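Working notes, structure below.
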Amino acid sequence: MEREAMEFDVVIVGGGPAGLSAAIALKQQDATLSVCLLEKGAEIGAHLLSGALFDPVALQELLPDSWQQAPLGVPVSDDQVHLLQSEQRSLQLPAWAVPPRMHNQGCHIVSLGNLCRWLGQQAEKLGVEIYPGFTASELIMEAGRVKGVITGDLGLDRAGNPKADHVPGMALLGRYTLFAEGARGHLGKQLIATFNLASPAQPQHYAIGFKELWQLPAGQGKAGQVMHGSGWPLGKQGGGNSHGGFYLYHMEGDQVAVGLIVDLNYQNPWLSPFDEFQRLKHHPLIAGVLQGGERISYGARAITKGGWHALPRMHFPGGLLIGCDAGTLDFSRIKGIHTAMKSGMLAAKTVAMALRGSDEGGRDLAQYGDELHQSWLARELKAARNFGAALHRYGPWLGGAFNWLEQRLFGANSPFKLLDKAHDYRQLRVASRCEPIHYPKPDGKLSFDKLSSVYLANTSHDEDQPCHLKLQDERIPVEVNLPTWAEPAQRYCPAGVFEVLEMEGAAKLQINAANCIHCKTCDIKDPSQNIIWTPPQGGSGPNYPNM
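Numbered according to full-length UniProt numbering, the sequence shown spans residues 1 to 547.
Written out as structure tokens, the structure reads:
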């Protein structure tokens, strides 16, 4: 197919904190560089979702003269950690008992979408060309080197045939290409496999994070109050084990953000992360805050949480993986915005040096690893390298005690090395050996169903476009997953995309692709690794306001 082509010094895939920070830093390094940034959402911020607690350290480095003009929400003023002991009981930990890295003084409660919209404005002022509504659907490879990306075609029907309004994708060629797609990036996944970038120590690990934004009655909010916790409703359930924790952040204007993070190494295939989140809100500690409020937004997103031990090699011929595409989130702090930003800034420094050193852009980017290892980003991730494995191996009490002692006594110099070598998708037990979990019917006040939740995510897909959720083998869901694991896609998807229907006396998997909110949990948790998430037509998906 004949495609229009555009050439740039640097092409950046993804308009989150890593991609935008890289774009800004590149123009700061050399204002003459041509920099193009692609964002698959309809606008910068449309697909961004985070709690979000923000450490401004990287923003201060990136924009030292203007960082305070960013939409920084409210500073943390009250920092609490609770253990939910049962569906009625909870225990607040004293400050001294909380691992040091979980304290949040100096952080701000922000909307990641609004922060990145502001960063996008700063990037455009510097001359970065930002193209929202365009997906990067394919890699352009030449002689074993990444040369850019091809944007997705517009105007294809369900069968993949061109419609009257068909516009073929463009070839965006870059001397270097940076991939900042977020957790489980579609192209990042291909790059890790193609160039054998995966960490030899342990596989990457993931969680699914939920978020709801609530409007409380006037005067009921406590702006700046932060609550984190673990325990109920997760734990040992029906012959399996599950890990994770909740958060509740009081924002400005009597709004609160509430959510649950569920590690995707859970074992019971009957578990529904969405329904666990709905149950959580009935705990008196949470319900007491939400009572009388109105839910105004909903979303869910995969979180890359493997940490230091799971980091892939991030450089390859022609480009770099940055941010959550690589896995730079510090899960011990439940924060990844500042680390993603720093990874983008380090990438910009490395690429600018490479471009100055060779007009052909052929210099190896291995120096990126050196830059990262010498930065505070590496020191922070190293200090937390055993956090997740300790919790998974020893549970919240003993694992929490290990993390407290390690952080208090050793920090980044800990002599311990705990690894989590089992892939998340391999953790599911056979359904017949686990007890089904019966979730209460949502009450429409604190708990809700999936379809009404998807409505609040403002998700939109053209019904007449190719399904972006690809099955490598259409027989596997019914012939393998259903008899073995009761087809867990029905439950791990937070948007009701996957349904098993009885049609003419036989079971069939139906994919409601229009519901998809791009969390990518299916790509991660499918026990047969049969589902491949690909980006749909540009601009499709959720549209998160203030999330």
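Glycine is no exception: its CB is placed at the ideal position from the N, C-alpha and C atoms. Predicted, not measured: the structure shown is a model, and the values here were computed from it.
Around Asp275, the same chain offers Tyr439 as residues with beta carbons nearer than 7 Å, after the five sequence neighbours per side are excluded. A Cβ-Cβ separation of about 7 Å places Ile334 in contact with His228 under the 8 Å criterion.
Leu264 sits buried, since 16 or more C-beta atoms from the chains shown fall within 10 Å of its C-beta. DSSP places Ala198 outside both helix and strand once states are collapsed to three, so it counts as coil. Only residues of its own chain outside the window of five on either side were considered, and among them Ser528 have a CB closer than 7 Å to the CB of Val480, listed in chain order.
Thr484: member of the alpha helix (DSSP H) spanning Leu482 to Trp485, first to last residue. Setting aside the 5 residues that flank it on each side, Glu406 is surrounded in the same chain by Asn386, Ser414 and Phe416, each with a C-beta closer than 7 Å to its C-beta; the list follows chain order.
Note on Tyr206: 16 or more other CB atoms within 10 angstroms of its CB, so buried under the neighbour-count rule.
Here Val226 is buried, its C-beta having at least 16 other C-beta atoms within 10 Å.
Taken through DSSP and simplified to helix, strand or coil, Ala31 comes out as coil. Each residue's CA atom was taken as its position, placing Gly14 and Ala489 some 27 Å apart.
Residues of the same chain with a CB within less than 7 Å of the CB of Lys27, apart from the 5 flanking positions on each side, are Leu33, Val35, Leu126, Gly127 and Val128 in chain order. Nearest neighbour of Asp370 by Cα position, chosen from Val497, Val258, Ala347 and Leu456, turns out to be Ala347.
DSSP places Phe448 in the coil class of the three-state scheme, outside both helix and strand. Contact between the stretch 110-126 and the stretch 41-57 is present, with at least three C-beta pairs closer than 8 Å. For Leu482, same chain residues with a beta-carbon under 7 Å away, outside a window of 5 residues either side, are Val500 and Ala507 in chain order. Checking the DSSP bridge columns, you'll see Ala354 has no partner listed. Beta-bridge partners assigned by DSSP to His228: Val81 and Tyr247. Excluding residues up to 5 positions away in sequence, Phe498, Glu499, Val500 and Leu501 lie with their Cβ nearer than 8 Å to the Cβ of Gln510 in the same chain.
CA-CA distance, Gly219 to Asp254, rounds to 7 Å. When beta bridges are read from the DSSP output, Thr521 appears opposite no residue. Contact between the stretch 86-102 and the stretch 54-73 is absent: fewer than three C-beta pairs spanning the two stretches fall below 8 Å. Counted as a single uninterrupted DSSP element, the alpha helix (DSSP H) harbouring Ala489 occupies residues Ala489 to Tyr492. Ala183 sits away from Ala354, with the two beta carbons spaced by 8 Å or more.
Residue pairing by DSSP leaves Val57 without any beta bridge partner. In this structure, Val146 places its C-beta atom within 8 Å of the C-beta atom of Phe316. Residue pairing by DSSP places Cys36 opposite Val11 and Glu129 in a beta bridge. Gly344 places its beta carbon less than 8 Å from that of Gly19. Within the DSSP bridge table, the entry for Met141 names Val146 as partners.
Contact holds between the stretch 517-536 and the stretch 454-465, because three or more Cβ pairs, one in each stretch, are under 8 Å apart. About 20 Å separates the CB atoms of Ala300 and Cys467; that is not less than 8 Å, and the two are not in contact.
Following the DSSP letters along the chain, one finds Glu276 inside the alpha helix (DSSP H) bounded by residues Pro273 to Leu280. Taking 8 Å as the cut-off, the Cβ atoms of Asp424 and Ala384 do not count as close. Per DSSP, the unbroken beta strand (DSSP E) holding Tyr176 starts and ends at Ala171 to Phe179. Sorting Trp96, Glu61 and Pro71 by C-alpha distance to the C-alpha of Ile109 places Pro71 at the top. Of all alpha-carbon atoms in Asp55, Asn543, Lys211 and Leu156, the one lying nearest the alpha-carbon of Val258 is that of Lys211.
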